[in-house]
Amino acid sequence: MKIKKISLFGTFPLITLLLVMLSSANVHALPGKAAAGGDSITMGFAADCRYNYWFWDLFCLLGGDQPEHSWFDGNSSSVNSVHDRYKQLNSGIVANKNAAASGSEMRGGSNNFATQAANIVAQTTVPDHVEVALGGNDICNRDCTNPANCTNPVYTNDQWRASVKAGLNTLVSGLPSGSTVYLAGVPRVQDLRAAGLAKQATTYRINCNSIWSTFDICPIATNGGTLNGETHAQRYSALQTIQRQYNEILAQEAAAYTTNANGLNPRGIEVVSNYAGESVASTGTFKFTKDDIDGGDCFHPSVRGQNKVADLMWNRNTDK
Amino acid sequence: MLRAPTDRHIKIIRVFMKLYFVFHFLRPFLLLALMLFISACAEESAEPDANQGIGKNGSSDIEVSYNRDKQSIGSIDYALSVNGRKIPLSEIDALIELKLFDLEWARYELRKAALSDYLEIQQDLLDTRQGEQAANTIEVLLSPPVPPRLELSAAQHASALAFSSPQMDQAPVRLSVFCNYQSSHCARMQPIYQQLVDEYGQAIAFEFFDFPQAFHHFAVSASNAARCAHAMGEFEAFHKALWVNQLALSKETYLRIAKQLKLDEKLFSSCLQSESHLVSIQAHAELAKSFGFNNVPVTLVNGLYLYGPKTLEVFRYYIDLELIRLGYQGSRTVLNSGITASQDDVGDSARQEQSLPDDNEQASVETAEQGAGLPEDMPDQEDLEYKARAVVPPVGETPLSREWIEDQLLQQAELEAHFQAAEHEVEGVRLTKLSGVEQSEFYQTLGLQEGDVLMRVNEQWVHEAQNTLFESLETGTRVSVVLVRRGLPVQLVYTIQD
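For the record, the sequence lines run as chains A and B.
Take any residue in the first sequence, count from 1 to its spot, add 599: that is its number in the numbering used here.
Take any residue in the second sequence, count from 1 to its spot, add 27: that is its number in the numbering used here.
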């Protein structure tokens, strides 16, 4: 009896302490507010556009963004977004992608990563979880892969790295302690042409080849002929390298910031890269196929593609 | 040998048993109390001694000590005691009034999100009982917070830039907007402001205050140009044109807009050159900072503070509140109308409702009628679902002088030659693509770019067999053009000035 009493006296505080520790660990694992930076992919652009044969098909493209289909916080029942998944863990988690905008680049333009990061840290309640999906336009808006062939070549690795760091510097200095920044991999835009051609082969109501050329959609990846002296095969090969290098830089910088090896993140904001090498499934390695792109512009993720991006982001998300 | 217990023994045993049961029952509570006591002692011992000057700031002689107990007398909460004089918490709160409201707004959004989730669960329950009850009445009672009201003096109002109609003193609700022309957030707000104007007409009036941010390098020059136009009586049109050119703010752009508005070129150029309005722009920026604004846009609805991009519904709510407060008749916007059991997108994830304007419906029918050689296999109903999307809204308007248009259209055949058939074919006709823009004053003034694919002019599709751009500009007073630029849709609106 005496032994039992001692045991009760001893274990009660211990159990309580463990419970407290466990509950506090849960509180810290889940973010309270998530925000996204990104481009038209994050804005769900054209996700449910299916054809481009009739004029009324084109109304879908002219409608632009479809935020309800966003992989990040789309509220449509057809998309299981990252926010939906967070809400299953804690219904109080809020999310916004106010900083994201179609057409954005990591480096160029008026709403690049640095600008979006500044907008994110300026939010009234600063988020403690930020996901960034940029980079596709940095490749698609360029005219050639070899600087010798045009005046608007793809960004060099140093330029890309500088732009990644510019945004991260703002985030790691402006987000609350304990926050996580999660960088999506740059999508494999070099696969666009093959996916589009496969898609248009399935129905007469979709013509990817002609819509790409008419709307100037990522010509560096979609043009099948010679562009600025570079054949499609040459560009495909170069883009394969560039896209991989951009992703490696994202992974390198994530590691440098999260360990503060570069001395730029003294408060220890966690920076995670979705890309972890070519052998690990990520948004940077995913080889999208005909059903993963929409049938309007044959460029943006379809509803299925948005779900795939959400899966890939969620699966390697450490902040949950 | 055991002796039989006496009554006294039995009483003692009963008392002990009672004590045992009471202790047994209370034991967890006693243990908890003990733990809290130990914890409190530990915290207290970890706290530095107040006499050691906690919170000393550098070489300051001010000694600050913190009292863990809430200091309140009567209903007043106190935050500080200075030489015995107690400073009410409200006095400190007043210093951060806007920030506190921003937090209050965030709390409201969180509650909205929670309420939406709660309703979703309740909806399921209600659905299962649907057979038992004829109807369910759900009324959302959650109210948004009341923003602080910031007072602008008559002189400050007078310094603002306002549209000519309605007159500021005639509109019961005044929207004071702090923005700058390079802010993408401000640009995205313009369709919302325009919709408010369309809905409320003479009931609301806008006034603009410049608040250039340090990282918006062209914002000051754009504000200066707008003020030059204001001084020459053409603020509203110039202001709207600047939003269209938000990514191309330059002296050339300002001059081009001024030309279309028939502003005196010499005077306008001189005004741009002298930067004579910089002091006034700076004064507005100082005013914004004096209120505690850090970023744009900020909109004051009769002084009620609203920070950041807000939805149309939010503005309606506060405008209606003001109209009711001032005794105007009208229905009140229910801000919580977005909360439904099926809608899980609330809180920060505010979304634009995708609705179908009537003109799109008509246009769709129109197209079907106009299309030549339509294949027999028409799209089914399922295919038509996504056509219900509204076309992207314009962010501003570009003024064009009719005289200039007439002059330009003298070379219409040459201008038409800039449109070339593109590869993509729709309903048997090819779309057309614009080229040679850099050599064309006409297309540059229209704000068109190399490679733009014009899709619609007013309600008509544009293709190799039909382009109503020139006719519309020649005869219309307001022309809408929807185009695709590098894969993304853009809507431009031209207002023709006689």
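The beta carbon of each residue, even a glycine, is placed where N, CA and C say it ideally should be.
Apart from the five residues on each side of it in sequence, which residues of its chain come closer than 6 Å, Cβ to Cβ, to residue i?
i      : result
B:G398 : Note that B:G398 has pLDDT 37, beneath the 50 cutoff, so the model's placement of it is unreliable and no number is given.
B:T504 : I523
B:Y345 : V328 and L331
B:M259 : L290
B:I219 : L339
B:I114 : A106 and L107
B:E430 : none
B:N84  : For B:N84, the predicted model reports a pLDDT of 38, less than 50, meaning its position is unreliable; a value from the coordinates is still stated below. Correct list: empty, nothing qualifies.
B:L496 : V484
Taking the alpha-carbon of residue i as reference, which of the options has the nearest alpha-carbon?
i      : options                           : result
A:M705 : A:D737, A:S676 and A:K798         : A:D737
A:K889 : A:R649, A:K632, A:D638 and A:P752 : A:R649
A:N768 : A:G867, A:A909 and A:S676         : A:G867
A:V678 : A:L911, A:G702, A:N906 and A:W913 : A:N906
B:P534 : B:F235, B:G478, B:D291 and B:C255 : Given a span of 28 to 525 for chain B in the structure shown, any question on residue 534 of chain B remains unanswerable.
A:T813 : B:V517, B:V520, B:R513 and B:D104 : B:R513
B:E498 : B:L437, B:Q466, B:L515 and B:G478 : B:L437
A:V902 : A:S675, A:F654, A:D742 and A:K764 : A:S675
A:R787 : A:S762, A:S776 and A:R834         : A:R834
B:Q435 : B:S467, B:H451 and B:P420         : B:S467
B:A121 : B:L137, B:R176 and B:P421         : B:R176
B:A444 : B:V418, B:R457 and B:E491         : B:E491
A:A832 : A:Y845, A:Q665, A:V693 and A:D790 : A:D790
A:A698 : A:N827, A:A713 and A:D647         : A:A713
B:S550 : B:E124, B:H243 and B:Q309         : This structure does not reach residue 550 of chain B, given that chain B is present from 28 up to 525, and the question cannot be answered.
A:V879 : A:E847, A:R760 and A:Q687         : A:E847
B:V341 : B:F242, B:P420 and B:Y135         : B:Y135
B:S571 : B:H311, B:S277, B:S307 and B:A312 : In the structure as shown, chain B begins at 28 and stops at 525. Residue 571 of chain B is therefore absent and cannot be evaluated.
Buried or exposed: residue i, going by 16 or more other Cβ atoms within 10 Å of its Cβ?
i      : result
A:P746 : exposed
B:L294 : exposed
B:Q352 : Going by the sequence as given, residue 352 of chain B is Arg instead of Gln. Flag for B:R352 reads exposed.
B:D34  : exposed
B:V506 : buried
A:G823 : exposed
A:A628 : exposed
B:G474 : buried
A:L911 : buried
B:Y227 : buried
A:S776 : exposed
B:V418 : buried
B:A214 : buried
B:E74  : Unreliable positioning characterises B:E74 in this predicted model, as indicated by a pLDDT of 40, which lies under 50. A coordinate reading is not provided.
B:Y355 : exposed
A:G662 : buried
B:L46  : exposed
A:V763 : buried
B:S317 : exposed
Check the Cβ of residue i against every Cβ in chain D and list those closer than 8 Å, keeping chain order.
i      : result
A:A721 : Among the protein chains of the structure shown, namely A and B, there is no chain D.
Short of 8 Å in beta carbon distance, which residues of its chain neighbour residue i, apart from the five on each side in sequence? Order them along the chain.
i      : result
B:S211 : Q273
A:E877 : R843 and T884
B:Q197 : Q229 and A232
A:G702 : D638, S639, G708, N710 and N736
Within the same chain, show all residues whose beta-carbon is closer than 7 Å to that of residue i, passing over the 5 residues directly before and after it, in chain order.
i      : result
B:Q447 : T459, K460 and S462
B:M9   : Residue 9 of chain B is absent from the model: chain B starts at 28 and stops at 525.
A:N720 : According to the sequence shown, residue 720 of chain A is Val rather than Asn. Within the same chain, A:V720 has close Cβ partners T769, L770, G773 and L774.
A:S680 : S669, W670, F671, D672, G673 and A909
B:T394 : Low confidence applies to B:T394: its pLDDT is 33, below 50, so where it sits in the model is not reliable, and the reading given next is rough at best. Cβ within range, chain order: W488.
Open item on the list: When you compare the stretch 855-865 of chain A with the stretch 883-896 of chain A, are there three or more beta-carbon pairs, one atom per stretch, that lie closer than 8 Å?
Closed with: no
Open item on the list: Does the stretch 754-773 of chain A come into contact with the stretch 795-809 of chain A, if we say contact requires no fewer than three beta-carbon pairs (one atom in each stretch) closer than 8 Å?
Closed with: no
Task: Near-chain A residues of the stretch 238-250 of chain B (beta-carbon distance less than 9 Å), N- to C-terminal order - done: Here the close residues are F242.
Open item on the list: Tell me whether the stretch 630-638 of chain A and the stretch 725-741 of chain A touch, counting them as touching only if at least three CB pairs, one residue from each stretch, are closer than 8 Å.
Closed with: Taking one beta carbon from each stretch, the stretch 630-638 of chain A and the stretch 725-741 of chain A have 3 or more pairs nearer than 8 Å; the two touch.
Open item on the list: To be precise: take each residue of the stretch 794-819 of chain A, compare its Cβ to all Cβ atoms of chain B, and keep it if any distance is under 8 Å. Which residues remain?
Closed with: N806, N808, S809, I810, S812, T813, F814, D815, I816 and C817
Task: Contact set between the stretch 133-147 of chain B and chain A, restricted to residues whose Cβ is under 7 Å from the partner - done: Listed by position, the residues of the stretch 133-147 of chain B near chain A (Cβ gap below 7 Å) are A133, E136, L137, A140, A141 and D144.
TODO: Below 9 Å between beta carbons is the criterion; list the residues of the stretch 474-505 of chain B that meet it against any residue of chain A, in chain order.
DONE: Cβ contacts with chain A come from G478, V480, M482, R483, W488 and H490.
TODO: Answer yes if the stretch 802-813 of chain A comes into contact with the stretch 650-660 of chain A, meaning at least three C-beta pairs across the two stretches below 8 Å, and no otherwise.
DONE: yes
TODO: Closer than 9 Å, Cβ to Cβ, to anything on chain A: give me those residues from the stretch 290-324 of chain B, in chain order.
DONE: N321 and N322
TODO: Give, in chain order, every residue of the stretch 321-350 of chain B whose Cβ lies closer than 9 Å to some Cβ of chain A.
DONE: N321, N322, Y334, G335 and P336
Open item on the list: Which residues of the stretch 649-662 of chain A have a Cβ closer than 9 Å to any Cβ of chain B? Give them in chain order.
Closed with: R649, Y650, N651, Y652, W653, F654, W655, D656, L657, F658, C659, L660, L661 and G662
Task: Where the stretch 440-458 of chain B meets chain A: residues whose CB sits under 9 Å from a CB there - done: Correct list: A449, E450, H451, E452, V453, E454, R457 and L458.
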